[in-house]
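Participant: Pasting in a structure now, in structure tokens, and then I'll have a few things to ask.
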Amino acid sequence: MTALLSIRDLMVTYRRDGSEVAALKHVSFDVAASERFAIIGESGSGKSTLALAIAGLLPGSSKVGGSIEWKLPNLRLPHSFAPPSVLPDISPTRGEIGSLAANSSSATLEIGEGGDEGAISPQVGEMSGRTEGGATERRPSAIATSHMPLGGRDIGFVFQDPSASLDPVMTVGEQIAEVAHTHLGLSWSQSYARAKALLERVRLPDPDAALRAYPHQLSGGQKQRVAIAAAIAAGPKLLIADEATSALDAIVQAEIVALIRQLVAEDGMTLLFVSHDIALAAELAERIAVFRHGELVELGATAQIVATPRHAYTRALLDAHLGLDAEPLLQQAGASR
Amino acid sequence: MSRPLLAVSGLTKRYRRGDKTIAAVDDVSFDIRPGETLALAGPSGSGKSTIARLVLRLIEPDAGRIEFEGGDFLALNGAALRARRARLQMVFQDPLAAFNPRATVARVLDDPLRIHDVASRRERPRGIAALLERVGLSADLAGRAIHEISGGQRQRIAIARAIATKPSLIVLDEAVSALDVSVRRQILQLLLDLQREERIAFLFISHDLGVISAIAHRIVILDAGRVAESGDARAVIGAPQSAIGKALVAAAPKLNRTSTQGTADRQ
Amino acid sequence: MSPLRRFLLTPEAIAGAIILLALFAMALSASLFFPGDPQAIAGPALLPPFQHWSLPLGTDRLGRDVQAELFHGARTSLAVGLAAAAAALAVGAIVGTLAGFAGGVVDEVLMRVTDAFQTVPSFLLALAFVSIVGPSLGVVVAAIALGAWTGPARVARAEVLSIRERDFVAGARVIGMHPLEIAFREVLPNALPPVLALSSVIVAAAILTEAALSFLGLGDPNRVTWGGMIAEGRAVLRTAPFLSIIPGIALVLTVLGVYLAGEGVVETTAVRRSLS
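Residue numbers (my numbering), protein chains in the order written: chain A, 2 to 338; chain B, 121 to 387; chain C, 20 to 295.
Listed below in structure tokens is the structure:
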């Protein structure tokens, strides 16, 4: 498998009322092209910060160190390693040091990754064929000179709250068509046709009516389908879903998860699924990274994480899950009544 | 069978949207016995939270009866209703939104003690400390502002406020849904301990069947404002009969921890 | 960062604070530097400024010390401005909270009364009130407040309407709190920030209205006011323009200072709210 992005020694610090809070501490891992990768953790684990950092959406006041290196095909714009929005806060020396440190520390974090590193697998023909040849060789150099992908075109982002991420005064059709128009250079009529096709793909009932609808006229699940349609409108290589199903009820959540699974498979997208729910992540992802307090605690294949977790925290998370088959807490209480 | 603590019958609440009337709650009936946990489950829009607000008289029903502790709860008004509220409490989903953003822990716990004359002005600080201890928190927390403490601590404070007036029934509206999984388990354990020791009944509203099967005696599954099915919680969840019950069970994420095969490629 | 430090980082806030501090210093030191009646004759009439060391700003038509009048006038302006704004904000916040929280008939009645007050120009309202009741400091304050409480009432009501739907209000009802206690102890304090943001505009407007009333001779006759000084100077505008210009400049600076400082406060609280 070939890596789509390599994160090395990523550090993110927020400034809050004068003091600095480390949201991510020395995080290093790779995400392979076309894999379904879950990032799980509780509140304060840094999982959302990580998603924002990868998408280049961190607020300008945050301090970023380390590198996020992309191996995207067809990238033209050379950029520095950091998202443009955070550039002013990063000194180049800091980045160099971060990258150097990453190479020495990366071994410890790759336990769970097995043989994913390095060799290009022939199975992933579509992606590897278009990968720039020099990409892998460039990585060991101290200065990370990767290309920066463009939010919206190369990365689709689905947020937790679709009511907040959709524009309330634009119709659903306009919002999706705008993405296609901006990033694919389609004419407006072509963009609308594409928007309609996308609404069909996300299985919104009556896509014609939905095109003209405003977000407030749709239910929470329908809004999230629209948000997904907008996120994939430009055919991104990476789809990031940040707690995209947490605000929905169980039935709609299952539908949205099934939809994401299908879209990712059909388009060969890489999925980054950020969630607090390890059971939900296990149903969808091939690999799971467990975060706590800004640190990567454990990374491995889903089956291994679920069946034989190595870290006590992962085990605690699994134990805390209350499934339908979980032993009832009630009987412990009832027994002593 | 003991006499029901809360008996709800034919409860109906309609909303007008444009020129259409939508029944958010449509002829719903159920009982809760003392010391029992009854779960209300269902997808969003099924009327769970509306029922919670109706039972608490935060909104008024269009039809139906609510009997609480043997009396007509809907007949109470003004001071009589306010006095009765001591016996029927609530814990909200979002512990931050449930408190005045300017409040301190001490003030939040002082209010019910003062309003219902549970303790004299001089005794109240000790009452607050006892409540904090009761929910597993340090008495030092009393001076802190609500926004300074963690989400789990806030939900413990919400429970402390609810039990301050010695209620017989607490409505828990998605009370553990916003909490981290590890905190959620501790809060559930705390609720069960309180139930065992003080025989408090719970009306437990949740969309999470895993949590329900862990703590509820009985379950009522709602669909579009109507009761779809009801019965023993584990029996219903184990073998749901209604379409919505089956859909809810199917949708719950399952963690297969014994298998060596990943569930990732299950379609 | 403390709110005070953030406040002091905005340049307009610093400028406003300096002007206001100077004004307060003038008002507080008026009887220290100029004991006795500021309306007593202190020298020859119509002495221009900077002619005599003991009368640096000159004298008016009756030989009264302009500097003494200016200092004592600062007292009146500040007292009337602040008192009228405080009264308007208090009445507005209470009316708005009651209307928004009670809803129904109470809301209808209170808001129609608000409409009625709002349709009459506030200056006319003040003029009419003072001419009927008679000019005194308290009446002038009441007259100005009468035309200024409607804005705060509307803002408070809008804020209360959104706050009363929040969970913590439902929570207060569930624990059996009395509706009036919920309205004034739980809801009102949370509705105040946008209402208080209006205070700088209201104080500035109140100071101007007071000056205008005094200019028309409807101020408290026993007190020196800047508006009264301008009116006095009007008769000799060609020969001694300084008599109108000096209190005029004081008035402009005061309104500017109040406004700038108020903006600084709003900015500071806005930043803090967006942070949290």
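No residue lacks a Cβ here, since even glycine has one placed at the ideal position from N, Cα and C.
Quick caveat, the model's predicted, so the values are computed rather than measured.
By the DSSP assignment, the beta strand (DSSP E) with A:Val28 in it spans what residues?
Facilitator: Unbroken beta strand (DSSP E) run through A:Val28: 20-33.
Participant: Express the C-alpha separation of C:Ile33 and C:Leu108 in angstroms, rounding to a whole number.
Facilitator: Roughly 25 Å separates the two Cα atoms.
Participant: Note down, in chain order, every chain A residue with its Cβ under 7 Å from the Cβ of B:Ser164.
Facilitator: Under the 7 Å cutoff, chain A gives Gly221, Asp250.
Participant: Given C:Glu31, which residues of its chain have a CB within under 7 Å of its CB, disregarding the five upstream and five downstream residues?
Facilitator: Taken in chain order, the residues that qualify are Leu279, Glu282, Gly283.
Participant: Please name the residues in the region 357-378 of chain B whose beta-carbon is closer than 9 Å to at least one beta-carbon of chain A, in chain order.
Facilitator: Listed by position, the residues of the region 357-378 of chain B near chain A (Cβ gap below 9 Å) are Ile357, Gly358, Ile364, Ala367, Leu368, Val369, Ala370, Ala371, Ala372, Pro373, Lys374, Leu375, Asn376, Arg377, Thr378.
Participant: Find the nearest neighbour of C:Leu215 within the set C:Leu117, C:Gly170, C:Val243, judged by alpha-carbon distance.
Facilitator: Of C:Leu117, C:Gly170, C:Val243, the residue nearest in Cα terms is C:Gly170.
Participant: Step through the CB atoms of chain A and report whether any lies within less than 8 Å of the CB of B:Val145.
Facilitator: Not an interface residue.
Participant: With distances taken between CB atoms, is the gap from A:Leu273 to A:Ile40 smaller than 8 Å?
Facilitator: Against a cut-off of 8 Å, the Cβ pair of A:Ile40 and A:Leu273 comes out as a contact.
Participant: Is any beta-carbon of chain B found at less than 8 Å from that of A:Glu284?
Facilitator: Yes, contact with chain B.
Participant: Any idea which residues DSSP pairs B:Phe322 with across the strands?
Facilitator: DSSP, once it has assigned bridges, lists B:Thr157, B:Ile290 as partnering B:Phe322.
Participant: Leaving aside the five residues before and after A:Ala157 along the sequence, list all residues of the same chain whose C-beta is less than 6 Å from its C-beta, in chain order.
Facilitator: Residue identity differs from the one stated: residue 157 of chain A is Gly in this sequence, not Ala. Here the set comprises Ala232, Ile233, Pro237, Leu240.
Participant: Going by C-alpha to C-alpha distance, which of A:Val298, A:Thr315, A:Ala283, A:Ala290 sits closest to A:Asp31?
Facilitator: The candidate whose alpha carbon is nearest that of A:Asp31 is A:Ala290.
Participant: By Cβ distance below 7 Å, which residues in the same chain neighbour B:Gly333 in space, the five residues on each side in sequence not counted?
Facilitator: Rather than Gly, the amino acid found at residue 333 of chain B in this sequence is Ser. Excluding positions up to five away in sequence, the list reads Ala353, Arg354, Ile357.
Participant: Report yes or no: is there a C-beta of chain B within less than 8 Å of the C-beta of A:Glu43?
Facilitator: So yes, A:Glu43 belongs to the interface.
Participant: Just grab the DSSP bridge partners of C:Phe120 for me.
Facilitator: Paired residue(s): none; C:Phe120 is not in a bridge.
Participant: Name the chain B residues whose beta carbon is nearer than 7 Å to that of A:Gln254?
Facilitator: Those are Ala371, listed as they occur along chain B.
Participant: Here's the rule I'm using: 16 or more other beta-carbon atoms within 10 Å means buried, otherwise exposed. How should A:Thr3 be labelled?
Facilitator: So A:Thr3 counts as buried.
Participant: Mind pulling the chain B residues with CB within less than 7 Å of C:Ile264?
Facilitator: Those within 7 Å of C:Ile264 in chain B number zero; the least Cβ separation is about 48 Å.
Participant: Return the residue from the list A:Ala24, A:Ser247, A:Ala230, A:Glu287 that minimises the CA-CA distance to A:Val180.
Facilitator: Among A:Ala24, A:Ser247, A:Ala230, A:Glu287, the Cα nearest to that of A:Val180 belongs to A:Ala230.
Participant: Roughly how many angstroms separate the alpha carbons of C:Gly35 and C:Val110, rounded to a whole number?
Facilitator: So the two alpha carbons sit approximately 27 Å from each other.
Participant: Which one of C:Ile226, C:Gly236, C:Ile249, C:Leu180 has the shortest CA to CA distance from C:Leu97?
Facilitator: Out of C:Ile226, C:Gly236, C:Ile249, C:Leu180, C:Ile226 has the C-alpha closest to the C-alpha of C:Leu97.
Participant: Does any residue of chain B bring its CB to less than 8 Å from the CB of A:Pro216?
Facilitator: No - not a single Cβ of chain B is within 8 Å of the one on A:Pro216.
Participant: Please check the pair A:Arg37 and A:Glu287, which I expect to be a contact at CB under 8 Å, by giving their CB distance rounded to whole angstroms.
Facilitator: Contact holds; Cβ gap of about 5 Å.
Participant: Whose CA, out of C:Trp168, C:Arg204, C:Phe187, lies closest to the CA of C:Ser218?
Facilitator: Minimum Cα distance to C:Ser218 is reached at C:Trp168.
Participant: Given this structure, state the Cα-to-Cα distance separating A:Leu167 from B:Ala195, to the nearest angstrom.
Facilitator: The alpha-carbon atoms of A:Leu167 and B:Ala195 are separated by roughly 45 Å.
Participant: Using a Cβ-Cβ cut-off of 8 Å, state whether A:His322 counts as contacting chain B.
Facilitator: Yes, A:His322 lies at the interface with chain B (some Cβ there is under 8 Å from its Cβ).
Participant: Examine the Cβ distances between the region 190-203 of chain C and the region 135-153 of chain C and report whether three or more of them are shorter than 8 Å.
Facilitator: They do not touch, by the three-pair rule.
Participant: Once the 5 residues before and after C:Pro240 are set aside, which same chain residues still bring their CB inside 6 Å of it?
Facilitator: Nothing meets the Cβ criterion.
Participant: At a Cβ threshold of 8 Å, is C:Phe187 touching chain B?
Facilitator: At least one chain B Cβ lies under 8 Å of C:Phe187.
Participant: Looking at the secondary structure, which residues open and close the alpha helix (DSSP H) in which C:Leu143 lies?
Facilitator: Per DSSP, C:Leu143 belongs to the alpha helix (DSSP H) from 141-152.
Participant: Confirm, please, whether the CB-CB distance from B:Leu201 to B:Arg177 is below 8 Å.
Facilitator: For B:Arg177 and B:Leu201, yes; Cβs fall inside 8 Å.
Participant: Roughly how many whole angstroms lie between the Cα atoms of B:Ala372 and B:Val301?
Facilitator: Their backbone Cα atoms lie some 15 Å apart in a straight line.
Participant: Using a Cβ cut-off of 8 Å, which residues of the region 267-295 of chain B contact any Cβ in chain A, in chain order?
Facilitator: Under the 8 Å Cβ criterion, the region 267-295 of chain B contributes Gly271.
Participant: How would you list, in chain order, the residues of chain A whose beta-carbon sits under 7 Å from the beta-carbon of B:Arg305?
Facilitator: By Cβ distance, chain A contributes Ala321.
Participant: Under 8 Å, with one C-beta from each stretch per pair, do the region 184-203 of chain A and the region 247-255 of chain A reach the 3-pair mark?
Facilitator: With the cut-off at 8 Å, the region 184-203 of chain A and the region 247-255 of chain A do not touch.
Participant: Three-state secondary structure (DSSP) at B:Ile142?
Facilitator: Strand, per DSSP.
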